[in-house]
């Protein structure tokens, strides 16, 4: 028996939709893994892309024996992941998105931690980066607690148990135990899965030695749409898992609620609105000024609007969805 043959087989699932500019970088990162390619099974699942992503995926499958292209008519990431799970040959199942950039030891380190037998899933902290100047500015905001709160899977200095994972690697037995991903979720499907794993007795580990970066969106409009989708679908998660609600999730929601209340009170007094805006803009300005030093002061104007974009998109979408629940399927 060779040393390679005792390594666990790993299945990597990559949901794709209009990711042609980013897919080659991910495929290159997978090929650069310090893990035998013959022990890695890669599924590229395209949800009807219109930018040539499907053609790139087919070409990759034709070039590499361990890469398989599959169509994902449902388009949802949860559907793609379950499709790959049903065909998985590996004992380890790893999700990667086209915007993910795993370090060369990513798969090996995930497998080493899962081999301890204590964890249903493992991952590293989510660290945003950017390919363009705008993407790097947005990454600064996403990496700061003022932008996205302080979940354990974003900011961690040492390995510890977590409530959720980003780009997680899972023991396949645990995924089958909870029935995989819930295909009624158009977003937040990983948070729902991780919550169900914990309810079933599974433990989740975030380890900073597991290193993977995330390419932030270059467009402020796309970034806002992304966080609006997260906010809207968080309502579905909370209805199903009330114990998963945390104060950091409520911050943008409460900000929007207080802002609306202050606006309604303006006929009586404008001071509540002025106090709220002054307080928020002061924090926004101080944090933005601090972060702008890393890229130069020309990043300051964009940072000043990035934080409100994240907060207002998330908070407004949350209330819209709470008052008018979205369909579970699109």
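Residue numbers (my numbering): 21 to 350.
Backbone N, C-alpha and C fix where the C-beta goes; we use that ideal spot for every residue, glycine too.
Three-state class that DSSP yields for residue i in the structure shown
i: residue 350; result: With a pLDDT of 43 at residue 350, under the threshold of 50, the predicted position of this residue should be treated as unreliable, though the coordinate-derived value follows. Of the three classes helix, strand and coil, the one that applies to residue 350 here is coil, per DSSP.
i: residue 62; result: strand
i: residue 113; result: strand
i: residue 286; result: coil
i: residue 185; result: coil
i: residue 251; result: helix
i: residue 31; result: strand
i: residue 143; result: strand
i: residue 91; result: strand
i: residue 165; result: helix
i: residue 14; result: The requested residue 14 is not part of the displayed model; the chain covers only 21 to 350.
i: residue 121; result: strand
i: residue 315; result: coil
i: residue 295; result: helix
i: residue 148; result: strand
i: residue 233; result: strand
Inter-residue Cα distance where the pair is residue i and residue j
i: residue 54; j: residue 29; result: 14 Å
i: residue 234; j: residue 293; result: 36 Å
i: residue 250; j: residue 40; result: 23 Å
i: residue 57; j: residue 123; result: 15 Å
i: residue 120; j: residue 95; result: 19 Å
i: residue 327; j: residue 258; result: 24 Å
i: residue 218; j: residue 263; result: 11 Å
i: residue 49; j: residue 179; result: 24 Å
i: residue 319; j: residue 116; result: 30 Å
i: residue 139; j: residue 301; result: 42 Å
i: residue 147; j: residue 288; result: 45 Å
i: residue 73; j: residue 33; result: 15 Å
i: residue 128; j: residue 69; result: 31 Å
i: residue 282; j: residue 344; result: 23 Å
i: residue 245; j: residue 26; result: 44 Å
i: residue 332; j: residue 310; result: 22 Å
i: residue 196; j: residue 111; result: 11 Å
Contact set for residue i: own chain, Cβ-Cβ below 6 Å, skip 5 residues either direction
i: residue 237; result: 243
i: residue 213; result: 201
i: residue 190; result: 113 and 141
i: residue 261; result: 215
i: residue 312; result: 319, 320 and 323
i: residue 325; result: none
Same chain, Cβ closer than 7 Å to residue i, five either side skipped, listed in chain order
i: residue 98; result: 201, 202, 203, 205 and 209
i: residue 167; result: 161, 327 and 330
Nearest-angstrom beta carbon gap, residue j and residue i [assumed within contact, 8 Å]
i: residue 35; j: residue 67; result: 7 Å
i: residue 104; j: residue 89; result: At roughly 12 Å, the Cβ-Cβ gap does not stay under 8 Å, so residue 104 and residue 89 are not in contact.
i: residue 295; j: residue 335; result: Residue 295 to residue 335, Cβ: 18 Å. No contact.
i: residue 273; j: residue 339; result: 7 Å
Other residues of its chain near residue i: CB distance less than 8 Å, five sequence neighbours each side excluded
i: residue 284; result: none
i: residue 81; result: 64, 87, 88 and 89
i: residue 223; result: 138, 139, 140 and 181
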